[in-house]
Amino acid sequence: MDLPALIENYMFNRQIAVLNTKTTDKGWVYINTSADQPVFRYSIKSPEMLQHDLGNNQWNDIWLGVRREQTALF
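Pasting the structure below:
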């Protein structure tokens, strides 16, 4: 599976090699890399937000593009 350009650029600029990817039934793409903490993920529905696994089920959000405008009113 090809990664979105925003994610490819992020990995390239930080010299992180992508080892493999896995897509889940729930629409998440998990990326195993050469980084010290090697797991990243993004949602197929929202590829402009990459998440980095910090361990202990903690994910760091990395915004790669322009945030979408809120379309729902609460």
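The sequence shown begins at 0 in numbering that gives the first Met the number 0 and counts up by one.
C-beta atoms are modelled at their ideal positions from N, C-alpha and C, and glycine is treated no differently.
On a predicted model such as this, the values are computed, not experimentally measured, just so you know.
inquiry  = Strictly by DSSP, which residues pair up with Met10?
reply    = Numbered from its first residue, the sequence shown carries residue 10 at position 11. Met10 is not bridged to any residue.
request  = Can you grab the Cα-Cα spacing for the pair Ser42 / Thr32, in whole Å?
outcome  = Walking along the sequence shown from the start, residue 42 turns up at place 43. Walking along the sequence shown from the start, residue 32 turns up at place 33. The alpha-carbon atoms of Ser42 and Thr32 are separated by roughly 17 Å.
inquiry  = Among Pro37, Tyr29, Pro3 and Thr23, whose alpha-carbon lies nearest the alpha-carbon of Ile15?
reply    = Taking the sequence shown and counting its residues from 1, one reaches residue 15 at position 16. Here the closest residue by C-alpha is Pro37.
ask   = Under three-state DSSP, which class holds Leu2?
value = Residue 2 sits at position 3 when you count from the first residue of the sequence shown. If DSSP states are grouped into helix, strand and coil, Leu2 belongs with coil.
task = Could you pull out every residue in the same chain whose Cβ sits closer than 6 Å to the Cβ of Tyr29, ignoring the five residues on either side in sequence?
result = For the purposes of this step, residue 29 is taken as residue 30 along the sequence shown, with counting starting at 1. Once the five neighbours on either side are set aside, the close Cβ partners of Tyr29 are Lys21 and Arg40.
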